[in-house]
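Asker: Can you keep this structure in mind? I'll have questions shortly.
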Amino acid sequence: MKITLVGTGHVGLVTGTCLAEIGHMVTCYDIDSEKIKLLNQGCLPFYEPGLKELVKKNTESGRLSFTYNDRDALSNSELIYITVGTPMGQDGKIDLSYLFSAADRIAEHLSNEVIIVMKSTVPIGTNRIIKERIQATSSKQALIEIVSNPEFLREGSAIHDTFFADRIVIGSDCKYAAELVEEINQPFGIPIFKTDLQSAELIKYSSNAFLATKISFINEIAQICEKVGANIEDVAYGMGLDSRIGSQFLRAGIGYGGSCFPKDVNALIDTAVKHNVDLTIIKAAKVVNQDQQNILIKKAEQRFGSLLNKKAAILGLSFKPNTDDVRDSPALRMVNMLLDEGVKLVAYDPVSINNARKHLGDSIYYSSTIEDALLNAEMAFIVTDWDEIKRFPLSKFKDLMFSPIIFDGRNCYSLQEVSQYPIEYYSIGR
Ligand code: NAD
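Counted the way the working numbering counts, the sequence shown spans residues 4 to 433.
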C-alpha cells in the first residue's frame, strides 16, 4: 500500500521504516528540511539502535523515501499517518499547533478520498476535531475518515517494540477505515484490538498513566525500605513474581521523565478536570515523581551540608539509556537544581551531549569519557543507566575522584560489590 507519514521524528521515522520493511511504499514528510536532507544523505537525525541499517535497506529497495515538499508528499495521498509532535506547552497543556498545521496542509492537498491514521498521542476528542478541521478547511468535498492508531514504542528499543508489540490498537467510527488499517498492520503478526475512537485515545493515555503510577508506587515503597532497613530490589522482585503484578516497571530510581510520561499524565489529568473527574491516584503519581527527582540532591545535601562550589560528576544526560533524547530528562532537571546550589558540574553521556548542550549551554562542562568527568570530583551522580556506566569499574571511582562518594539514582551496583571498596555509596531504597 502507498502510505505518507506527516512528521519524521522518533515515531514517524521508525513507523515509516518498519511499514516499508513489511512491504508498503512509504513517503516520510517533515517540515524540517534539515532533517530530511540528513536522511536523504543516509544520516539519522537522532540516535536509535538498529534504525540506520533498516532505513538504508528500505531506501535502497525504493520502498522508503523522504521529502519536505508538502505537495509531493500529500497531493493524491489516500492514506496519511500523522506522527507530528504533541508537546506540553509552557502552560502545562498539550500544544496542538503542530497537529493543526499538519491538518491544514493535508486539507490543502486533499484528494477525493483520504484516510487519516493518527499515531500522535492526542487528547481525547482530538481525532474528531482534526477530521472536522480538514473537512472545513478543504475546498474539496472529499470523503475523509480518521483512525486512531496510538503508538506504544519506547525510544531505545523502538524497532523491536514495533515488530514485537503486545498489541496494535485501532480506533475508528468507520468500519472500512479500521479494516484497512488492520490490513496494513497484518504482516507484523501482532494481536490487533479494534474499538471506537475515544476508547483508542484513552487506551494510550491510561496505559502511560498506569506505567507512570507503577513507577511512582515502587519509588514510594523505596522510601519505606530506607526507613525500615528493607531492600527495594528484593521487595520488587518478590512482588513481581506474582503474575497479577508483573515485574516490569518496578525498578526504583529517580523517577520517570522523557517526552511522553510527564506530558501524557498531565494531559489525562487535564481532560479529567474538564469533565469534572478527580483523578486522585494519577495526580498522586505525578506528585511522587516530582519529589523523587529531588531525592539524590536531598541525599547529597544531607551528606555535605552546603553544596556550594563543590565539584560533581553527572553520569548520563538522556532520559533513559540507548537514546539521545533529553526531553524532560530527570538528568537535566537535576543539573539545573545543582547549578542553583552553586555546584560545579562535569557531565558525561555517550550520545546526548549535543542535545543537552542546546538546553544547558555552557553552564556545565561536558566530558567525552567517564574518567574525565570523575577526575577530582567530590561526588558523582549516576543518573542514566547506560550499559557502559553500569559496568564502569568501582575501583576507578576510587582512583579518579577527589573523594569517592557516589549518589546512584539507578541502583547500578550491588551493595555487596560496593562494600568491597572504600567508597561512600548512596542508592535508592537500599
Ligand atoms: P518528534 O519531535 O521526535 O517528531 C515530530 C516531528 O514532526 C518533527 O520532526 C517535526 O519537525 C515534525 N513536524 C511538526 N509539525 C509538522 C508538520 N506540520 N508537518 C510535518 N512535520 C511536522 O516527536 P515524536 O517523539 O516522534 O512524537 C510524535 C508523537 O508520538 C507525539 O504525539 C508523541 O507523544 C507520540 N509518541 C511518542 C513516543 C516516543 O517515544 N517518542 C512514543 C509513543 C508516542
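Each residue gets a CB set at the ideal place from its N, CA and C atoms; glycine is no exception. If you're wondering where the values come from, they're calculated on a predicted model, not measured in any experiment.
Report the residue from ILE257, ASP267, LYS230, ASP365 whose alpha carbon sits nearest the alpha carbon of SER209.
Answerer: If we check each option's Cα against that of SER209, ASP267 comes out closest.
Asker: Which same chain residues, not among the five before or five after MET121, have their C-beta less than 6 Å away from its C-beta?
Answerer: If we look at MET121 and ignore the five residues flanking it on each side, its Cβ neighbours are ILE85, ASN130, SER151.
Asker: From the DSSP secondary-structure annotation, give me the bridge partner or partners of SER175.
Answerer: VAL150.
Asker: Could you tell me whether the region 240 to 254 touches the region 319 to 326, where touching means 3 or more Cβ pairs closer than 8 Å?
Answerer: Output reads no: the region 319 to 326 does not touch the region 240 to 254.
Asker: Shortest alpha-carbon distance to ASP107 belongs to which of SER142, GLN93, ARG66?
Answerer: Here the closest residue by C-alpha is SER142.
Asker: Could you name the residues of the same chain whose beta carbon sits closer than 7 Å to that of LYS286, not counting the 5 residues immediately before and after it, in chain order?
Answerer: Closer than 7 Å at the Cβ level, and outside the excluded window around LYS286, lie ILE272.
Asker: Given this structure, state the Cα-to-Cα distance separating HIS112 from ILE83, to the nearest angstrom.
Answerer: Computed Cα separation, rounded: 12 Å.
Asker: For LEU282, which residues of its own chain have a beta-carbon under 7 Å away from its beta-carbon, when the five flanking residues on both sides are left out?
Answerer: Closer than 7 Å at Cβ, skipping near neighbours: LEU271, ILE272, ALA275.
Asker: State the Cα-Cα distance for the pair PRO52 and GLU391, rounded to the nearest angstrom.
Answerer: If you take the alpha carbons of PRO52 and GLU391, they lie about 15 Å apart.
Asker: Could you tell me the alpha carbon to alpha carbon distance between ASP411 and GLN138, rounded to whole angstroms?
Answerer: Spanning the two alpha carbons is a distance of roughly 53 Å.
Asker: Quick one: what's LYS207 bridged to in DSSP?
Answerer: None; LYS207 has no bridge partner.
Asker: Identify which residue in VAL125, ASP94, TYR179 has its Cα closest to the Cα of LEU102.
Answerer: For the residues VAL125, ASP94, TYR179, the minimum Cα distance to LEU102 belongs to VAL125.
Asker: Tell whether a beta-carbon distance below 7 Å holds between LEU320 and ALA359.
Answerer: Yes, these two residues count as a Cβ contact at 7 Å.
Asker: Assuming contact is defined by CB atoms lying nearer than 7 Å, are SER204 and ILE317 in contact in what I supplied?
Answerer: Looking at the sequence provided, one finds Glu at residue 204 rather than Ser. No, the pair does not count as a contact, with Cβ atoms beyond the cut-off.
Asker: If we ignore side chains and look at the alpha-carbon of each, how far apart do GLU427 and LYS302 end up?
Answerer: C-alpha separation (whole angstroms): 12 Å.
Asker: At a cut-off of 6 Å, is ASP375 close to the ligand HEM when judged by its beta-carbon and the heavy atoms of the ligand?
Answerer: No copy of the ligand HEM appears in this structure; the ligands present are the ligand NAD.
Asker: From LEU342 to PHE322, what distance separates their C-alpha atoms?
Answerer: The straight-line gap from Cα to Cα measures roughly 19 Å.
Asker: When you measure from the CB of GLU154 to every non-hydrogen atom of the ligand NAD, does any distance come out below 6 Å?
Answerer: Under cutoff, so the answer is yes.
Asker: Closest by CA to GLU1, which one among GLU81, ILE195, LYS207?
Answerer: With the chain covering 4 to 433 only, the question about residue 1 has no answer from this structure.
Asker: Please identify the residue among LYS313, PHE405, ILE132, ILE224 whose C-alpha is closest to the C-alpha of GLN295.
Answerer: If we check each option's Cα against that of GLN295, ILE224 comes out closest.
Asker: The ligand NAD and HIS112: does any heavy atom of the ligand fall closer than 6 Å to the residue's C-beta?
Answerer: Because no heavy atom of the ligand NAD lies under 6 Å away, the Cβ of HIS112 does not count as near it: no.
Asker: Excluding five sequence neighbours on each side, which residues of the same chain lie with their C-beta closer than 7 Å to the C-beta of ILE300?
Answerer: Within the same chain, ILE300 has close Cβ partners MET337, MET340, LEU341.
Asker: Can you determine whether any heavy atom of the ligand NAD sits closer than 6 Å to the C-beta of ILE34, and answer yes or no?
Answerer: Yes, Cβ of ILE34 sits closer than 6 Å to a heavy atom of the ligand NAD.
Asker: Please classify LYS178 as buried or exposed, where buried requires at least 16 other C-beta atoms within 10 Å of its C-beta.
Answerer: LYS178 comes out exposed.
Asker: Less than 8 Å between the CB atoms is what I'm expecting for ASN222 and PHE264, so what's the real figure, rounded?
Answerer: Not really, about 13 Å apart at Cβ, beyond 8 Å.
Asker: Look up TYR368 in the DSSP assignment and give the residues it is bridged to.
Answerer: Partner(s): VAL349.
Asker: Looking at SER246 and VAL291, is the spacing between their C-beta atoms short of 7 Å?
Answerer: Contact flag unset, no.
Asker: Taking all protein chains shown into account, decide if SER68 is buried (16 or more other Cβ within 10 angstroms of its Cβ) or exposed.
Answerer: Classification of SER68: buried, given that the 10 Å Cβ count is 16 or more.
Asker: Determine which residues share a DSSP beta bridge with CYS31 and list them.
Answerer: DSSP, once it has assigned bridges, lists LEU8, PHE69 as partnering CYS31.
Asker: Starting from TYR101, follow the alpha helix (DSSP H) in both directions and report where the run begins and ends.
Answerer: Segment 100 to 111, the alpha helix (DSSP H) holding TYR101.
Asker: Alpha carbon to alpha carbon, how far is VAL349 from LEU377?
Answerer: Looking at the two C-alpha atoms, the distance is approximately 8 Å.
Asker: Could you check if SER370 is buried or exposed, using at least 16 other CB atoms within 10 Å of its CB as the buried criterion?
Answerer: Buried, because 16 or more other Cβ atoms sit within 10 Å of the Cβ of SER370.
Asker: Alpha helix (DSSP H) containing TYR240: first to last residue?
Answerer: 235 to 243 is the extent of the alpha helix (DSSP H) around TYR240.
Asker: How close, in whole Å, do the beta carbons of THR62 and THR165 come, if the pair is a contact with beta carbons under 8 Å?
Answerer: Not a contact, Cβ separation roughly 17 Å.
Asker: With C-beta atoms as the reference, is LEU57 less than 7 Å away from THR30?
Answerer: Contact: no.
Asker: Which residues share a DSSP beta bridge with LEU318?
Answerer: Looking at the DSSP assignment, LEU318 forms a beta bridge with TYR351, ILE385.
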